[in-house]
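Scroll down for the structure; my scribbles are underneath it.
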Amino acid sequence: GIDEVIVSRQNDGSIRAFLNVCRHRGKTLVSVEAGNAKGFVCSYHGWGFGSNGELQSVPFEKDLYGESLNKKCLGLKEVARVESFHGFIYGCFDQEAPPLMDYLGDAAWYLEPMFKHSGGLELVGPPGKVVIKANWKAPAENFVGDAYHVGWTHASSLRSGESIFSSLAGNAALPPEGAGLQMTSKYGSGMG
1 GIDEVIVSRQ NDGSIRAFLN VCRHRGKTLV SVEAGNAKGF VCSYHGWGFG
51 SNGELQSVPF EKDLYGESLN KKCLGLKEVA RVESFHGFIY GCFDQEAPPL
101 MDYLGDAAWY LEPMFKHSGG LELVGPPGKV VIKANWKAPA ENFVGDAYHV
151 GWTHASSLRS GESIFSSLAG NAALPPEGAG LQMTSKYGSG MG
């Protein structure tokens, strides 16, 4: 979805995620893509939340609210399900949604070779987000069947790692025999 979330590693190593919105007046809490913080403070009225999402401080709390403010009810809205697969973090606000591995189903088997490189995976550069008003069929076709664009469009990514696909950068070679994979899951997601 388009709802921004804060992903926060807890002291015990677990990962939690919260809607990136102050519960007081709806102001966005965090405006950077990545970083480290022990908590989050709203820039509008200064309400402070811990990395666990709990409301910890309210400026002039007693003067403005007396004893009526129930901080336990005003923590950040938590993402109901947060799971990790090969270091990638997935979240879902629907507690009734299937567990991630059930959702991925057979797709997990196909994802394994992409994530299991001898040197692992490394994020290069800052995270990027692109929202494009486009005909969905063009990128879908690119994703599942157009290997012709890979050598040019993804050349820098191909050059950044050592895999059987590195030789494709700049269309220097054709894909090796059997290099392509295509699949869909019972939930309608797919990859190619």
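full-length UniProt numbering puts the sequence shown at residues 1 to 192.
Ideal Cβ placement from N, Cα and C applies to all residues, glycine included.
Tell me the rounded alpha-carbon separation between residue i and residue j.
i, j, result
"E122", "L64", "48 Å"
"Q10", "G53", "10 Å"
"G151", "I15", "36 Å"
"V82", "P99", "9 Å"
"C92", "H149", "32 Å"
"K27", "L76", "12 Å"
"A97", "M114", "25 Å"
"D102", "G50", "32 Å"
"T153", "H45", "45 Å"
"W136", "I2", "17 Å"
"K133", "D146", "20 Å"
"A140", "G35", "32 Å"
"V124", "E67", "49 Å"
"S31", "G13", "24 Å"
One question on the structure: do residue i and residue j come within less than 7 Å of each other, judged by their Cβ atoms?
i, j, result
"E78", "F40", "no"
"E61", "P127", "no"
"C22", "W47", "yes"
"N20", "V5", "yes"
"L29", "C42", "yes"
Between which two residues does the alpha helix (DSSP H) holding residue i run?
i, result
"V79", "No alpha helix (DSSP H) holds V79; DSSP gives it neither H nor E."
"F60", "That residue, F60, is in no alpha helix (DSSP H); it is neither H nor E in DSSP."
"A155", "155-160"
"Y110", "107-115"
"L100", "100-104"
Please go through the same chain and pick out, in chain order, the residues whose beta-carbon is closer than 8 Å to the beta-carbon of residue i, but skip the five residues on each side of it.
i, result
"S166", "L158, R159"
"L69", "V58, E61"
"F111", "The displayed chain sequence assigns Leu, not Phe, to residue 111. Closer than 8 Å at the Cβ level, and outside the excluded window around L111, lie F85, H86, L104, M191."
Spatial neighbours of residue i within its chain, please: CB distance less than 6 Å, with the 5 preceding and 5 following residues excluded, ordered by chain position.
i, result
"A169", "A155, L158, R159"
"G87", "none"
"A37", "none"
"A173", "S167"
Residue i lies in the beta strand (DSSP E); which residues open and close that run?
i, result
"residue 230", "Residue numbering for the chain in the displayed model covers 1 to 192; residue 230 lies beyond these limits and cannot be assessed."
"L123", "Neither: L123 is in no beta strand (DSSP E) and is coded neither H nor E."
"S8", "5-9"
"L19", "15-19"
"V41", "39-41"
"G48", "48-50"
Whose C-beta lies closer than 7 Å to the C-beta of residue i among residues of the same chain, with five residues either side of it excluded?
i, result
"A80", "C92, F93, D94, Q95"
"N171", "G151, W152"
"H24", "C42, H45, W47"
"V130", "none"
"I89", "V7, I15, V82"
Give a single yes or no on whether residue i has its beta carbon closer than 6 Å to a heavy atom of the ligand MG.
i, result
"V131", "Ligands are entirely absent from the displayed structure, and the ligand MG is therefore not among its contents."
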